[in-house]
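**Q** Numbered per the numbering used here, the sequence shown spans residues 4 to 523.
We put the beta carbon where it would ideally sit given N, CA and C, even for glycine.
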Amino acid sequence: MQSEPETVCNVAISFDRCKITSVTCSCGNKDIFYCAHVVALSLYRIRKPDQVKLHLPISETLFQMNRDQLQKFVQYLITVHHTEVLPTAQKLADEILSQNSEINQVHGAPDPTAGASIDDENCWHLDEEQVQEQVKLFLSQGGYHGSGKQLNLLFAKVREMLKMRDSNGARMLTLITEQFMADPRLSLWRQQGTTMTDKYRQLWDELGALWMCIVLNPHCKLEQKSSWLKQLKKWNSVDVCPWEDGNHGNELPNLTNALPQGANANQENLGQCKSLEYQHLPAHKFLEEGESYLTLAVEVALIGLGQQRIMPDGLYAQEKVCRNEEQLISKLQEIELDDTLVKIFRKQAVFLLEGGPYSGLGEVIHRESVPMHTFAKYLFTSLLPHDAELAYKTALRAMRLLVLESTAPSGDLSRPHHIASVVPNRYPRWFTLSHIESQQCELASTMLTAAKGDVRRLETVLESIQKNIHSSSHIFKLAQDAFKIATLMDSLPDITLLKVSLELGLQTMLTTALSLPSRS
4 MQSEPETVCN VAISFDRCKI TSVTCSCGNK DIFYCAHVVA LSLYRIRKPD
54 QVKLHLPISE TLFQMNRDQL QKFVQYLITV HHTEVLPTAQ KLADEILSQN
104 SEINQVHGAP DPTAGASIDD ENCWHLDEEQ VQEQVKLFLS QGGYHGSGKQ
154 LNLLFAKVRE MLKMRDSNGA RMLTLITEQF MADPRLSLWR QQGTTMTDKY
204 RQLWDELGAL WMCIVLNPHC KLEQKSSWLK QLKKWNSVDV CPWEDGNHGN
254 ELPNLTNALP QGANANQENL GQCKSLEYQH LPAHKFLEEG ESYLTLAVEV
304 ALIGLGQQRI MPDGLYAQEK VCRNEEQLIS KLQEIELDDT LVKIFRKQAV
354 FLLEGGPYSG LGEVIHRESV PMHTFAKYLF TSLLPHDAEL AYKTALRAMR
404 LLVLESTAPS GDLSRPHHIA SVVPNRYPRW FTLSHIESQQ CELASTMLTA
454 AKGDVRRLET VLESIQKNIH SSSHIFKLAQ DAFKIATLMD SLPDITLLKV
504 SLELGLQTML TTALSLPSRS
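1) Assuming L465 contacts V406 (C-beta within less than 8 angstroms), just tell me the rounded distance between them.
2) Okay, do the region 318-334 and the region 366-382 touch, 3+ Cβ pairs below 8 angstroms being the bar?
3) Leaving aside the five residues before and after M184 along the sequence, list all residues of the same chain whose C-beta is less than 8 angstroms from its C-beta, in chain order.
4) Would you check if there are 3 or more beta carbon pairs closer than 8 angstroms linking the region 306-326 to the region 358-374?
5) Give the range of the beta strand (DSSP E) segment to which T198 is assigned.
6) Answer yes or no: the CB of V14 versus the heavy atoms of the ligand MN, is any distance below 8 angstroms?
7) Just verifying my parser: in three-state terms, what is the DSSP assignment at K56?
8) Which two residues bound the contiguous beta strand (DSSP E) that contains I81?
9) Taking the alpha-carbon of L210 as reference, which of Q234, E226, L176 has the nearest alpha-carbon?
10) Spell out the partners DSSP gives D497 in its beta bridges.
11) Would you kindly report the start and end of the unbroken alpha helix (DSSP H) that includes T24?
12) Name the two residues that bound the continuous beta strand (DSSP E) containing A401.
13) Looking at C-beta atoms only, is the number of pairs between the region 85-94 and the region 38-48 that lie closer than 8 angstroms three or more?
14) Can you tell which of E226, K139, F158 has the C-alpha that lies nearest to the C-alpha of R188?
15) Go to D484, then tell me how far its alpha helix (DSSP H) extends in each direction, as first and last residue.
16) Hey, how far is the Cα of R400 from the Cα of V458?
17) With a Cβ-Cβ cutoff of 9 angstroms, do N220 and L305 count as a contact?
18) From the DSSP output, in three-state form, read off D208 for me.
19) For I16, which three-state DSSP category applies?
20) Answer yes or no: do I468 and L507 have a C-beta to C-beta separation smaller than 9 angstroms?
21) Find out if the Cβ-Cβ distance for the pair L73, I81 is shorter than 9 angstroms.
22) In this structure, does DSSP put S240 in helix, strand or coil?
23) Please classify K160 as buried or exposed, where buried requires at least 16 other C-beta atoms within 10 Å of its C-beta.
24) Report the rounded CA-to-CA distance for V373 versus T27, giving the unit in angstroms.
25) Under 9 angstroms, do C21 and C30 count as touching if we go by C-beta distance?
26) Check whether the Cβ atoms of T490 and G456 sit closer than 9 angstroms, and answer yes or no.
27) Less than 8 angstroms between C-beta atoms, sequence neighbours within five positions excluded: which residues of the same chain meet that for Q144?
28) Say whether chain D places a C-beta atom closer than 9 angstroms to the C-beta of S474.
29) For S25 versus I35, is the C-beta distance shorter than 9 angstroms?
30) Does DSSP classify I313 as helix, strand or coil?
31) What would DSSP say about L258, mapped onto helix, strand or coil?
32) From the DSSP output, which residues share a beta bridge with S548?
33) Would you check if the distance between the CB atom of V345 and the CB atom of L297 is smaller than 9 angstroms?
34) If you drop the 5 nearest sequence neighbours on each side, which residues of the same chain put their C-beta closer than 8 angstroms to that of Q54?
35) For Q78, does the count of other Cβ atoms within 10 angstroms reach 16, so buried, or fall short, so exposed?
36) Just the Cα atoms here: how many angstroms apart are K350 and V367?
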């Protein structure tokens, strides 16, 4: 095949304190990222610095010239580029010769080759117009033709910039957000009363997550944060700005299928991940000796997972609560716990149990507090080999589900006229309740399995199940689990577990019988 004819491109790159601050290329390619010619010249400059001659700022060079040299320099410059610069040269000459001209009121002259002052902010070159055009194009495609993938690549670029402490990260995210806010579909959906697509809402979620990274950046100046706060409030005041909770809608999907279920869900995901090795990197200037970035990251994750928070309004926001929790736990499960991390787990478990209103595992919590079942199951399995007492205490505290307990029936449940109050009323705002109850059941099953052979703990777990689990189907499942665990082939039957299975089975029968309509 014949190769394409060689094209010569004129490329100019400006640097300021090890950053590319501006680029131009005659190729004419328009994109968010640098063209191949700019990249090639940059690599050439990096790999062969001796081949690229460095010049002093032009003002310094002119300062070294005498009058004859200056006149020759100007005349040659005009001769070479007479069609482009002659009108400007004549205009400047007239102004310089005029005593009252504005140009003579300023000392010295500008020098674009001198770079910025050391106090001036310097940042990497970013073609703002192209960012806006590309995002507008991707949004207009409505998620088709790989536009969602392209937008996620832009988000990944912002994350990379933030990681490198590049001030362009906030600039680029601001441009992206402005285009999202200008998307005409927002007005259309609002007028029609329809919800946005899940893919589109996920893009908005990513926008929000990136803004949190920016405003929580400890390296940012106070004036920057004030500016971002003002901008975020401005966007938030726009009528078409989507709510995080989304529209509730009338049709609810099958959440049991939509969210991970069962004891092996994360794995009363991991298989798709690459095996990663996490190492302790020393963190300097912290209060306690022996801390590392890994221990700090794990501790922050545990604090976040255990923080008491009210269940948000709206189906999408409630699904996101479950999804985010399980994703974070999935990341934690990739880390192999050593003695240092076990100490962190113990410390945080104690803090959470003894914590006040900020802890989701505190002694007293709000009725509508997000349950801790999924997190407690992870804490339980992590602490069990090292501190069984603390592991059970944490898991038993997390078994409660106050949104159902607060609607518990009163009076004599054995009489038919009280039957209607036996089945707990489902709180209508908790769209993910079936998933939450499944996680409660999984936590109870995990404790039953671990307590095999321990009469005292089995009785304690049974009491917790009878007190906190209100779903007869889940109680029946736990009765089956207890029977299977008690009659494993490689050991003698566990009598206590069989009694647990029997009691749970009888409770299921009683609840089912009481819920049947009576005959006169």
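**A** The short version:
1) The pair is not a contact, with the Cβ atoms about 23 angstroms apart (cut-off 8 angstroms).
2) yes
3) W238, V241, V243, C244
4) yes
5) Judged by DSSP secondary structure, T198 falls outside any beta strand (DSSP E); it is assigned neither H nor E.
6) Although the ligand MN was asked about, the structure shown includes no ligands whatsoever.
7) coil
8) Here I81 belongs to no beta strand (DSSP E); instead the alpha helix (DSSP H) covers 70-83.
9) Taking each of Q234, E226, L176 in turn and checking the Cα distance to L210, the smallest one comes out for L176.
10) DSSP lists no partner for D497.
11) Here T24 belongs to no alpha helix (DSSP H); instead the beta strand (DSSP E) covers 22-28.
12) If you look at A401, you'll find it isn't in any beta strand (DSSP E); it sits in the alpha helix (DSSP H) that goes 391-401.
13) no
14) Comparing Cα positions, the closest option is K139.
15) 475-489
16) Rounded to the nearest angstrom, the two C-alpha atoms are 19 angstroms apart.
17) No, the Cβ-Cβ distance between N220 and L305 is not below 9 angstroms.
18) helix
19) strand
20) For I468 and L507, yes; Cβs fall inside 9 angstroms.
21) no
22) coil
23) It is buried - the Cβ of K160 has at least 16 other Cβ atoms within 10 Å.
24) 53 angstroms
25) no
26) no
27) These residues qualify, in order along the chain: S150.
28) No chain D is part of this structure, which consists of one protein chain only.
29) At least 9 angstroms separates the beta-carbon of S25 from that of I35.
30) strand
31) Unreliable placement is indicated for L258, whose pLDDT of 39 sits below 50; no coordinate value is reported for it.
32) In this structure the chain extends from 4 to 523, so residue 548 is not present and cannot be described.
33) no
34) Y47
35) exposed
36) 20 angstroms
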